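K.L.:
Going letter by letter, the sequence shown gives residues 541 to 676 in this note's numbering. The C-beta atom is built at its ideal place from N, Cα and C for all residues, glycine as well. None of these values were measured; they are calculated from a predicted model. Structure below; questions to follow.
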Amino acid sequence: MLKKINHIAIAVNNIEEAAKFYQTVLGLNLSGVEVVTAQKTRVGFFKIGESNIELVQPAEPDSPLVKFLETKGQGIHHICFEVDDVEAEVKAFLEKGATLIDQKPRPGAHNTKIAFVHPKSSSGALIELCELPKGH
């Protein structure tokens, strides 16, 4: 079951450059930058209420995000919904006929477990399901 929007991800060419707007104009604080090896990305989060804005940039030349930026440019990349059990949600989504990019959860930022729903199942929006580490 979906609990809340965990974050909205913005694809950027450079986190530090993009962060200036969020810090200076919006007055948000960057909580640090992390490399997500499994995704070949660098991510930085800004807390806003119960959710976050995630800036995500490619960490390697073969990151899937490179192609996204080349074809679509900088902008909204995905919406992430927090769930209690990502494995159970993947199974339920598949049973309901959704197409998933991930058939099994994989590691995400901050020791989360994540899975992506293919945009063709959701009218063009890339959806991420995210399970926080236990005790978080």
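1. Secondary structure at Ile-647, three-state DSSP: helix, strand or coil?
2. Specify whether the segment 623-637 and the segment 554-569 touch according to this definition: at least 3 beta carbon pairs, one from each stretch, less than 8 Å apart.
3. Going by DSSP, what residue range makes up the beta strand (DSSP E) through Glu-668?
4. How would you label Lys-653, buried or exposed, when you count the other beta carbons within 10 angstroms and need 16 or more for buried?
5. How should Thr-581 be labelled, buried or exposed, when 16 other C-beta atoms within 10 angstroms of its C-beta is the threshold for buried?
6. Applying the criterion that 16 or more other CB atoms from any shown protein chain within 10 Å of the CB defines a buried residue, is Gly-615 buried or exposed?
7. Could you check the C-alpha separation between Lys-544 and Gly-567 for me, to the nearest Å?
8. If contact is defined by three or more beta carbon pairs under 8 Å, each pair taking one atom from either stretch, is the segment 627-642 in contact with the segment 602-612?
9. Report the three-state DSSP secondary structure of Pro-614 (helix, strand or coil).
10. Check for me: the alpha helix (DSSP H) holding Glu-580 runs from which residue to which?
11. Give the DSSP-derived three-state secondary structure of Ala-559 in the structure shown.
12. Could you give the distance in angstroms between the alpha-carbon of Gly-637 and the alpha-carbon of Ala-558?
13. Does the distance between the C-beta of Asn-651 and the nearest non-hydrogen atom of the ligand ZN fall short of 8 Å?
14. Mind checking who Lys-544 pairs with in its DSSP beta bridge?
P.N.:
Answer, in terms of the structure:
1. A small correction: the amino acid at residue 647 is Pro; Ile does not occupy that position in the sequence shown. Strand, per DSSP.
2. Judged by Cβ distances under 8 Å, the segment 623-637 makes no contact with the segment 554-569, as fewer than three pairs qualify.
3. Segment 667-671, the beta strand (DSSP E) holding Glu-668.
4. When all chains shown are included, Lys-653 counts as buried.
5. Buried is the call here.
6. exposed
7. 23 Å
8. With a cut-off of 8 Å on Cβ pairs, the segment 602-612 is not in contact with the segment 627-642, counting fewer than three such pairs.
9. Looking at the sequence shown, residue 614 is not Pro but Gln. Coil.
10. According to the sequence provided, residue 580 is Lys. The question's Glu does not apply to it. Element bounds for Lys-580: n/a, residue is neither H nor E.
11. helix
12. 37 Å
13. No copy of the ligand ZN appears in this structure; indeed no ligand is present at all.
14. Glu-622
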